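One structure is given below, encoded as structure tokens.
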Amino acid sequence: MKYDLLVQHGEVLDPAAGLRGALDVGIAGGRIIEIGAGLSANEARQTISARGLIVTPGLIDIHAHIFVNAHDMGGHTDHYCRSSGVTTMCDAGSSGSATFAGLRHVLDTAVHTRVRAFVNLSALGIVGTSRRGELSHFPYADPEGCARTISENPDLCIGVKLRYGPNLVWEYTTEPVKLARQTAAMANVPMMVHITDSPIPLPEILAEMAPGDIITHCYHGRANGIMGQEKQFLLKEVVEAQRHGIVFDCAHGRNHFSFPMIEKALDQGFLPDTISTDLTLTSATKGPVWDLTTTMSKLLHFGMSLDDLVERATSAPAKIMGYAGTVGTLRPGANADLALIERRAGNFALTDSDGNTTTAKERLITRMTVKDGRVWYERPAD
Ligand SMILES: [Zn+2]
143 MKYDLLVQHG EVLDPAAGLR GALDVGIAGG RIIEIGAGLS ANEARQTISA RGLIVTPGLI
203 DIHAHIFVNA HDMGGHTDHY CRSSGVTTMC DAGSSGSATF AGLRHVLDTA VHTRVRAFVN
263 LSALGIVGTS RRGELSHFPY ADPEGCARTI SENPDLCIGV KLRYGPNLVW EYTTEPVKLA
323 RQTAAMANVP MMVHITDSPI PLPEILAEMA PGDIITHCYH GRANGIMGQE KQFLLKEVVE
383 AQRHGIVFDC AHGRNHFSFP MIEKALDQGF LPDTISTDLT LTSATKGPVW DLTTTMSKLL
443 HFGMSLDDLV ERATSAPAKI MGYAGTVGTL RPGANADLAL IERRAGNFAL TDSDGNTTTA
503 KERLITRMTV KDGRVWYERP AD
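One gets this note's numbering by counting positions in the sequence shown from 1 and adding 142 to each.
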């Protein structure tokens, strides 16, 4: 038998690899070994029909949280990932130098999702208080420890995380951003900067960033976003930054995803470079995020193409996470991670982080997730 598993009759969509159309995916030894039309079922131990479904690389969520206060999403990570086609995710700075061993333990003992992580500039990582955040006192910043954690954990760590917002940083100047950039340079990785409700204008933050660095929560509707205080037109600095290789990640979350901002930004031609959830246990169980395919459905509703959505939830984050060619692609040789997605018509109520609602005429639903060549999730018929 040539194939352990053959996924047949689906509509393949992997824009970055130039793969699309009625193609079968042949899998052996946990890897994709062949992709083409009419692959022989006689050569397969197991076949799966993907008729009527879109077959994409396993989805990648570059901004979510496994380890916040040691529980969020913790042992529930696999449940929320696999039921939404996500085979790979990135913990966006939940832990810092003093708490990273805890995250590592959760990953080693309770999580099968493929994971990478940003390490918080704060030694504490993200702390669960609404009054004062992880860098509200300067001594909590640990640039050396952060860089050391990253270099000691090269299989996991891909960058430095800074949350820049009111009560999150010790002073409302560019100093915290500068320190995060220095730390990233020390560890030779990019940094990710959270910008929701920033006390300083976004161009001041962008001026401290290097190509490959990531702005996250790019569609938040609070102060100092990508359209400044007027919230009407994209700042020219934002357009310039994206052109120069600053990555804009959407990271939905409970506070960072505004339909009016998305509508205006997409109208003005500004697309996110990566699509992510900022998922935590709360936003997965109480909404409005729910999961990655829901976030993708919202952007689909406001006019993004399926090609653009898939690319930004597979190959684009794969490249940033150091997985180019092995994860986030259906090319032969890659890990056999697949999402089988239904594009369902109907009336679907969608809600953003500010309570705005809209009715979409279609939505994306994960029917099956394959990870490392094995069926990892199958949605019951409904
Ligand atoms: Zn986050």
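We put the CB at the ideal spot given by N, CA and C, even for glycine. Keep in mind the model is a prediction, meaning the values are calculated, not measured.
For Thr511, the residue or residues it bridges with in DSSP:
Here the question's residue 511 lines up with position 369 in the sequence shown. Thr511 is bridged by DSSP to Ala481 and Tyr519.
Would the beta-carbon of Ile342 fall within 8 Å of that of Thr316?
As a first step, residue 342 is located in the sequence shown; it is residue number 200 there, counting from the start. As a first step, residue 316 is located in the sequence shown; it is residue number 174 there, counting from the start. Their beta carbons are under 8 Å apart, which means Ile342 touches Thr316 by this criterion.
Check: Gly395 C-beta below 7 Å from any heavy atom of ligand 1:
Within the sequence shown, residue 395 is the residue found at index 253, counting from 1. For Gly395, the Cβ falls inside the 7 Å cut-off from some heavy atom of ligand 1.
For ligand 2, is there any heavy atom lying closer than 7 Å to the beta carbon of Ala234?
The model on display carries ligand 1 but not ligand 2.
Is it true that the stretch 421-435 meets the stretch 165-173, where meeting means three or more beta-carbon pairs spaced less than 8 Å apart?
Because the criterion of three Cβ pairs below 8 Å is not met, the stretch 421-435 and the stretch 165-173 do not touch.
Endpoints, the alpha helix (DSSP H) within which Tyr282 is located
Start at 1 with the first residue of the sequence shown, and residue 282 comes out as number 140. Element bounds for Tyr282: n/a, residue is neither H nor E.
By alpha-carbon positions, which one of Ser236, Asp156 and Ile208 ends up nearest to Val197?
As a first step, residue 197 is located in the sequence shown; it is residue number 55 there, counting from the start. Selection Ser236, Asp156 and Ile208 evaluated against Val197 yields Asp156 as nearest (Cα-Cα).
Identified DSSP bridge partners for Glu153:
Locating residue 153 in the sequence shown gives position 11, counting from the first residue. According to DSSP, which records beta bridges pairwise, Glu153 is partnered with Ala164 and Ile196.
Assign Gln410 to one of two classes, buried (16 or more other C-beta atoms within 10 Å of its C-beta) or exposed (fewer than that).
Taking the first residue of the sequence shown as 1, we reach residue 410 at position 268. Around the CB of Gln410, fewer than 16 other CB atoms lie within 10 Å, so the residue is classed as exposed.
Looking only at C-alpha atoms, which of Asn489, Leu506, Thr508 and Ile507 sits nearest to Thr499?
If you number the sequence shown from 1, residue 499 lands on position 357. Nearest of Asn489, Leu506, Thr508 and Ile507 to Thr499, Cα basis: Asn489.
Nearest-angstrom Cβ-Cβ length linking Asp339 and Gly307, presumed shorter than 8 Å
Mapped onto the sequence shown, residue 339 falls at position 197. Mapped onto the sequence shown, residue 307 falls at position 165. That belief holds up - the Cβ atoms of Asp339 and Gly307 are roughly 5 Å apart, short of 8 Å.
Beta carbon of Leu201, beta carbon of Gly227: below 8 Å?
In the sequence shown, counting from the first residue as 1, residue 201 sits at position 59. In the sequence shown, counting from the first residue as 1, residue 227 sits at position 85. If you check the CB distance, Leu201 and Gly227 come in under 8 Å.
Quick one: what's got a C-beta closer than 7 Å to Gly363's C-beta in the same chain, skipping five residues either side?
For this step, residue 363 is matched to residue 221 along the sequence shown. For Gly363, the CB contacts under 7 Å within the same chain, skipping 5 residues up- and downstream, are Ser400, Pro402, Met403 and Asp496 in chain order.
Roughly how many whole angstroms lie between the Cα atoms of Phe260 and His386?
Counting from 1 along the sequence shown, the entry for residue 260 is found at position 118. Counting from 1 along the sequence shown, the entry for residue 386 is found at position 244. The alpha-carbon separation between Phe260 and His386 amounts to approximately 22 Å.
According to DSSP, is Cys232 helix, strand or coil?
Sequence index remark: in the sequence shown, residue 232 carries index 90 (1-based). Taken through DSSP and simplified to helix, strand or coil, Cys232 comes out as strand.
Beta-carbon proximity of Ile388 to Met351, cut-off 8 Å
Counted from its first residue, the sequence shown places residue 388 at position 246. Counted from its first residue, the sequence shown places residue 351 at position 209. Taking 8 Å as the cut-off, the beta carbon of Ile388 is found closer than this to the beta carbon of Met351.
Take Ile347 as the anchor and find which of Asn366, Asn330 and Pro332 has the nearest alpha-carbon.
Counting from one through the sequence shown, the residue named residue 347 turns up at place 205. Of the candidates Asn366, Asn330 and Pro332, Asn366 places its Cα closest to the Cα of Ile347.
Any heavy atom of ligand 1 closer than 7 Å to the CB of Asp99?
In this structure the chain extends from 143 to 524, so residue 99 is not present and cannot be described.
For the stretch 447-471, which segments carrying the alpha helix (DSSP H) assignment without a break, of at least 4 residues, lie completely within its bounds, in sequence order?
List check, alpha helix (DSSP H) in window: 448-454 and 457-462.
Using a threshold of 7 Å, is the CB atom of His205 nearer than that to any non-hydrogen atom of ligand 1?
The residue labelled residue 205 in the question sits at position 63 within the sequence shown. Taking 7 Å as the cut-off, the C-beta of His205 counts as close to a heavy atom of ligand 1.
Pick helix, strand or coil for Gly363, following the three-state DSSP scheme.
As a working note, residue 363 is residue 221 in the sequence shown. Gly363 falls in the coil class under three-state DSSP.
Closest to Ser239 by C-alpha separation, out of Phe412, Tyr314 and Gly267, would be which residue?
The count along the sequence shown starts at 1 and reaches residue 239 at position 97. In terms of Cα proximity to Ser239, the closest of Phe412, Tyr314 and Gly267 is Gly267.
Where do the N-terminal and C-terminal ends of the alpha helix (DSSP H) with Lys440 fall, by residue?
Translated into positions along the sequence shown, residue 440 becomes position 298. Leu434 to His443 is the span of the alpha helix (DSSP H), which, as asked, contains Lys440.
For the beta strand (DSSP E) containing Gln188, list its first residue and its last residue.
Walking along the sequence shown from the start, residue 188 turns up at place 46. Note, Gln188: beta strand (DSSP E), Ala186 to Ser191.
For Glu286 and Ser236, what's the separation of their Cα atoms in angstroms?
Walking along the sequence shown from the start, residue 286 turns up at place 144. Walking along the sequence shown from the start, residue 236 turns up at place 94. Roughly 18 Å between the two C-alpha positions.
Taking the beta strand (DSSP E) that Asp203 falls in, what are its first and last residues?
In the sequence shown, the residue the question calls residue 203 occupies position 61. Counting along the chain, Asp203 sits inside the beta strand (DSSP E) bounded by residues Leu201 to Ala206.
May I ask you to report which of helix, strand or coil DSSP gives Phe242?
The residue labelled residue 242 in the question sits at position 100 within the sequence shown. Three-state DSSP puts Phe242 in a helix.
Residue range of the alpha helix (DSSP H) that Leu348 falls in?
Stepping through the sequence shown from its first residue, residue 348 is reached at position 206. Segment Leu344 to Leu348, the alpha helix (DSSP H) holding Leu348.
Excluding sequence positions up to five away, which residues of its chain have a Cβ less than 7 Å from the Cβ of Ala283?
Counted from its first residue, the sequence shown places residue 283 at position 141. Around Ala283, the same chain offers Leu263, Ser264, Leu277 and Leu321 as residues with beta carbons nearer than 7 Å, after the five sequence neighbours per side are excluded.
Beta-bridge pairing of Ser264 - partner residues as DSSP gives them
In the sequence shown, counting from the first residue as 1, residue 264 sits at position 122. Paired residue(s): Ala283.
With burial defined as no fewer than 16 other Cβ atoms inside 10 Å of the residue's Cβ, what is the status of Thr456: buried or exposed?
Taking the sequence shown and counting its residues from 1, the one referred to as residue 456 is at position 314. Here Thr456 is buried: its Cβ has 16 or more other Cβ atoms, across all protein chains shown, within 10 Å.
Starting from Thr358, trace the beta strand (DSSP E) both ways and give me its first and last residue.
On the sequence shown, position 216 is the one that residue 358 refers to. Annotation for Thr358: the continuous beta strand (DSSP E) segment containing it runs Ile356 to Thr358.
In the structure shown, what three-state DSSP assignment does Met328 receive?
By 1-based counting over the sequence shown, the position of residue 328 is 186. If DSSP states are grouped into helix, strand and coil, Met328 belongs with the helices.
With 16 as the cutoff for other CB atoms within 10 Å, does Arg505 come out buried or exposed?
Within the sequence shown, numbered from 1, the residue matching residue 505 stands at position 363. Label assigned to Arg505: buried.
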